[in-house]
Amino acid sequence: MQGIKNNDQFRETVSKDEPVIVKFTADWCPDCRRMDMFIDDIMDTYNEYGWYELNRDELPEIADEQEVMGIPSLLIFKNGEKKAHLHSANAKSPEQVKEFLDAQK
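UniProt numbering applies: residue 1 is where the sequence shown begins, and numbers increase by one.
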């Protein structure tokens, strides 16, 4: 998963024609580490998305702008528009993440 390190890179990433998923995370977040243990298999299965990671502590203005209140959160973007948002409370298991992604098809 490629990291997003600044505002310009975020804008460029979410403006792509193909759908992208940005995982909002933080170094201190235990639920984020738990997601890290299962996300690779999900990325392999849902490879129609470009997958990116953004540390909300490094870019808090983007997290605020995108209404990311908890982490980990998965946001789907296409052509600069947020299409879907999996909030942290519903992103605790592989099943929840897969259910969210299946609902986007």
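For glycine and all other residues, C-beta sits at the position ideal for the given N, C-alpha and C.
Please list the terminal residues of the continuous beta strand (DSSP E) segment that includes residue i.
i	result
Ala-84	81-86
Val-22	20-25
Ile-76	73-78
Give every residue of the same chain whose Cβ lies closer than 7 Å to the Cβ of residue i, excluding the five residues on either side of it in the sequence, and list them in chain order.
i	result
Lys-98	Ile-42
Alpha helix (DSSP H) containing residue i: first to last residue?
i	result
Leu-101	94-103
Glu-65	60-65
Asp-44	30-45
Would you say the beta carbon of residue i comes nearer than 7 Å to a heavy atom of the ligand MN?
i	result
Asp-102	Although the ligand MN was asked about, the structure shown includes no ligands whatsoever.
Under the three-state reduction of DSSP, which class applies to residue i: helix, strand or coil?
i	result
Ile-4	strand
Glu-48	coil
Give every residue of the same chain whose Cβ lies closer than 8 Å to the Cβ of residue i, excluding the five residues on either side of it in the sequence, and list them in chain order.
i	result
Asp-17	Lys-78 and Asn-79
Between the region 85-95 and the region 5-18, can you find at least three pairs of beta-carbon atoms closer than 8 Å? no
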